[in-house]
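Numbering (my numbering), first residue to last: 29 to 637.
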């Protein structure tokens, strides 16, 4: 069965009858390696062909679908068509010409990439895979078509007729009608990286965030293009484009692209809703990064990003409800949340303020927070998205309460998705992190309305083995990490691609002093009022604050060192798992003799040999 993007069930309400029937035939009569996009914008200028059909050895086909009947066509030529409708005579572009223009636009996009074109010969500079275009006449049979002069402006081999897309039609015959639309045929098969390059050019919306601005629309110099262009995988793209109305939950492992999907969803909703969109997460560092992403997308005025407690504070101030008194400790924040809840209950704070609410780090939200947030969604839109990963639940300790989503007002039955593939980490980093946290990550079955524990599956590239350096003192650990940071920078790694992730402040204080003495630029979000994620500085962050972030190089000092403020051993292991999975290329851990985790980490690393 072909992959249809968006999923058919999410778009039937906006399809014509002919488009729906044709989509059903594409799904049923094409094999698994076919990709089909319906009404998806291509390029930065957001052109919308009806269907794009793609096969790695057949090529790329643009199709326009029309529900016309013969008696509605009054005039047609190579360029235009006049139709009789309930609104009277309507003049439209000939659908074959429309499909041809879409096809020219697509080939123009792809010809910019020297890795997708013929390097020599008569086709030099042209895409090296077949491409074509055609028309689907969903309500005109082949016999009816042949009795008219339509063939003079719509060449018969470029048309699929009503009876050629009946459910009873043989799959081979159905495919044959499409592939007759290609002017040429080639015999090789595109590789997965080549397919991703094509998707990268056609669909800017699915580019990974760090690459969104690499190519301006008028870029023509193929030499400026990187060798590897990262895009959402097909499951991520289909999920992102298929998120419809109502409440939805995505259970995804670390590095599976949950936050990327959230960004895509926010960008889509910003174009169609009227009231603001609220994005909530738990930690402030992630909130700052997400807010920067929305500003980069040009939707910062429509999409409001906050960590949960700062949003509660804003609600109290906006609606003149007094904040609690006293120091800003756990009791203060609990009291602040309680005042917001009571404010909504008494209608001092209005419900339904947002046309959509998107929650990242849902695994760190308490049940009563969910109950509050659900009330913030405009009931007319009823748009709520929750991203969740039970393995990264690092707040609340053993007091964390099990709950069902329905019990807090989240009605996502039948609209829950699981993402298992980890794209962030190298295979080596993920294997060590998984082995270390194997007990935490043991898959736990759960009803759809509860949170399962999902075991990550490696989908990333290979890289160097993680390092565990055992050193006599904390000062020695600090010296070694500073040396590693300096060496990496001398060999071309920007400071901003490096992070030190620590558990407690007194564990990182020796390192901070060395960074200052050696002139290594760094930022500590906990101490900076203007933390800038994009600045070329080493980020020195707590394990809690690192969640949702990623860096090519991550160093973790004092790994597994006992501390007077430590939580349970299980929760400490969860925190270390989160910290380890922040590294995309290289992971360096240092520890002393007292480390509780050194033995298990040594064993996990040794198994890579």
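A virtual CB, placed ideally from N, CA and C, is assigned to each residue, including glycine.
According to DSSP, is residue 123 part of a helix, a strand, or is it coil?
Counted from its first residue, the chain shown places residue 123 at position 95. Correct three-state label for residue 123: helix.
Span of the alpha helix (DSSP H) around residue 54
Along the chain shown, one-based indexing puts residue 54 at 26. 45–57 is the extent of the alpha helix (DSSP H) around residue 54.
Buried or exposed, going by whether 16 or more other CB atoms sit within 10 Å of the CB of residue 177?
Within the chain shown, residue 177 is the residue found at index 149, counting from 1. Exposed: under 16 other Cβ atoms inside 10 Å.
From residue 253 to residue 143, what does the alpha carbon distance come to, in whole angstroms?
The residue labelled residue 253 in the question sits at position 225 within the chain shown. The residue labelled residue 143 in the question sits at position 115 within the chain shown. Bear in mind that the predicted position of residue 253 carries a pLDDT of just 49, short of 50, making it unreliable; the figure below should be weighed with that in mind. Approximately 10 Å, taken between the alpha carbons.
Name the one or two DSSP bridge partners that residue 92 has.
For the purposes of this step, residue 92 is taken as the residue at position 64 of the chain shown. The partner list for residue 92 (beta bridge, DSSP) reads 163.
When the Cα atoms are used, what is the spatial distance from residue 116 to residue 41?
In the chain shown, residue 116 corresponds to position 88, counting from 1. In the chain shown, residue 41 corresponds to position 13, counting from 1. If I take the Cα positions, the gap works out to 25 Å.
Limits of the unbroken beta strand (DSSP E) element including residue 151
Looking up residue 151 in the chain shown gives position 123. Taken as a continuous stretch (DSSP letters only), residue 151 belongs to no beta strand (DSSP E), as it is neither H nor E.
What first and last residue would you give for the beta strand (DSSP E) that runs through residue 563?
One-based indexing of the chain shown puts residue 563 at position 535. Note, residue 563: premise wrong, no beta strand (DSSP E); not H, not E.
C-alpha distance - residue 624 paired with residue 589, whole-angstrom precision:
As a working mapping, residue 624 is identified with position 596 in the chain shown. As a working mapping, residue 589 is identified with position 561 in the chain shown. Spanning the two alpha carbons is a distance of roughly 7 Å.
Complete alpha helix (DSSP H) runs within the stretch 279–365 (minimum length 4 residues, chain order)
With a minimum length of 4 residues, the continuous alpha helix (DSSP H) runs that stay inside the stretch 279–365 are 286–300, 312–324 and 336–346.
Within the same chain, show all residues whose beta-carbon is closer than 7 Å to that of residue 38, passing over the 5 residues directly before and after it, in chain order.
Numbered from its first residue, the chain shown carries residue 38 at position 10. Answer for residue 38: 270 and 272, listed in chain order.
Consult DSSP for residue 490 and reduce its assignment to one of helix, strand or coil.
Numbered from its first residue, the chain shown carries residue 490 at position 462. Coil, per DSSP.
Determine the direct distance from the alpha carbon of residue 388 to that of residue 417, and round the result to whole angstroms.
Position 389 of the chain shown holds residue 417. Position 360 of the chain shown holds residue 388. The alpha-carbon separation between residue 417 and residue 388 amounts to approximately 10 Å.
In angstroms, rounded to a whole number, what distance separates the CA positions of residue 620 and residue 136?
Against the chain shown, residue 620 aligns to sequence position 592. Against the chain shown, residue 136 aligns to sequence position 108. Roughly 58 Å between the two C-alpha positions.
Let's test the definition: count the other Cβ atoms within 10 Å of the Cβ of residue 242 and tell me whether it reaches 16, buried, or not, exposed.
By 1-based counting over the chain shown, the position of residue 242 is 214. Low local confidence applies: a pLDDT of 26 at residue 242 is under 50, so the model's placement there is unreliable, and no value is given.
Roughly how many whole angstroms lie between the Cα atoms of residue 62 and residue 587?
Position 34 of the chain shown, counting from 1, holds the residue named residue 62. Position 559 of the chain shown, counting from 1, holds the residue named residue 587. Roughly 47 Å between the two C-alpha positions.
Using beta-carbon positions only, say whether residue 308 and residue 347 come within less than 8 Å of one another.
One-based indexing of the chain shown puts residue 308 at position 280. One-based indexing of the chain shown puts residue 347 at position 319. Contact: no.
Tell me the rounded alpha-carbon separation between residue 502 and residue 508.
Mapped onto the chain shown, residue 502 falls at position 474. Mapped onto the chain shown, residue 508 falls at position 480. One C-alpha to the other measures close to 10 Å.
Where the alpha helix (DSSP H) containing residue 194 begins and where it ends
As a position in the chain shown, residue 194 is number 166, starting the count at 1. That residue, residue 194, is in no alpha helix (DSSP H); it is neither H nor E in DSSP.
Thinking residue 277 and residue 289 are a contact (beta carbons under 8 Å), I'd like their distance in whole angstroms, please.
One-based indexing of the chain shown puts residue 277 at position 249. One-based indexing of the chain shown puts residue 289 at position 261. With 8 Å as the limit, residue 277 and residue 289 do not qualify as a contact, their Cβ atoms being about 12 Å apart.
Pick out whichever of 599, 626 and 145 has its Cα sitting closest to the Cα of residue 497.
Mapped onto the chain shown, residue 497 falls at position 469. When each option's Cα is compared against that of residue 497, the closest is 626.
Taking contact to mean at least 3 C-beta pairs separated by less than 8 Å, is the stretch 484–494 in contact with the stretch 317–328?
no
With burial defined as no fewer than 16 other Cβ atoms inside 10 Å of the residue's Cβ, what is the status of residue 622: buried or exposed?
Counted from its first residue, the chain shown places residue 622 at position 594. Exposed: under 16 other Cβ atoms inside 10 Å.
Taking 7 Å as the line, does the beta carbon of residue 414 fall inside it for any heavy atom of the ligand SAH?
Here there are no bound small molecules, and the ligand SAH is not part of this structure.
State buried or exposed for residue 219, treating a residue as buried only when at least 16 other CB atoms are found within 10 Å of its CB.
Numbered from its first residue, the chain shown carries residue 219 at position 191. It counts as exposed.
Contacts around residue 368, its chain only, beta-carbon distance under 8 Å, and the 5 residues preceding and following it disregarded
Working through the chain shown from its first residue, we reach residue 368 at position 340. Result list for residue 368: 340, 343, 344, 349, 377 and 400, in chain order.
Where the beta strand (DSSP E) through residue 580 begins and ends:
The residue labelled residue 580 in the question sits at position 552 within the chain shown. Element bounds for residue 580: 579–584.
Reference residue 53; option with closest CA among 30, 67 and 75
Your numbering for residue 53 matches position 25 in the chain shown. Checking every option, the nearest Cα to that of residue 53 belongs to 30.
Assign residue 457 to one of three DSSP states: helix, strand, or coil.
In the chain shown, residue 457 corresponds to position 429, counting from 1. Residue 457 falls in the helix class under three-state DSSP.
Sequence-distant residues of the same chain with beta carbon closer than 7 Å to residue 532, five excluded per side:
The count along the chain shown starts at 1 and reaches residue 532 at position 504. Cβ within range, chain order: 591 and 593.
Helix, strand or coil for residue 406, going by three-state DSSP, please let me know.
In the chain shown, counting from the first residue as 1, residue 406 sits at position 378. Looking at residue 406 - three-state DSSP - the assignment turns out to be coil, as it is neither helix nor strand.
Specify the secondary structure class of residue 84 as computed by DSSP and reduced to three states.
As a position in the chain shown, residue 84 is number 56, starting the count at 1. In the structure shown, residue 84 sits in coil (DSSP, three-state: anything other than H, G, I, E or B).
State yes or no: is the C-beta of residue 70 within less than 8 Å of the C-beta of residue 230?
To locate residue 70, count along the chain shown from 1; it is residue 42. To locate residue 230, count along the chain shown from 1; it is residue 202. Against a cut-off of 8 Å, the Cβ pair of residue 230 and residue 70 comes out as a contact.
What do you reckon, are the CB atoms on residue 266 and residue 33 nearer than 8 Å?
Locating residue 266 in the chain shown gives position 238, counting from the first residue. Locating residue 33 in the chain shown gives position 5, counting from the first residue. Closer than 8 Å, so yes.
Please state if the CB of residue 415 and the CB of residue 438 are separated by a distance shorter than 8 Å.
One-based indexing of the chain shown puts residue 438 at position 410. One-based indexing of the chain shown puts residue 415 at position 387. Cβ distance not < 8 Å, so residue 438 and residue 415 don't count as in contact.
Note down the Cα distance separating residue 595 from residue 402, rounded to an integer number of angstroms.
Mapped onto the chain shown, residue 595 falls at position 567. Mapped onto the chain shown, residue 402 falls at position 374. Straight across, the Cα-Cα distance linking residue 595 with residue 402 is about 31 Å.
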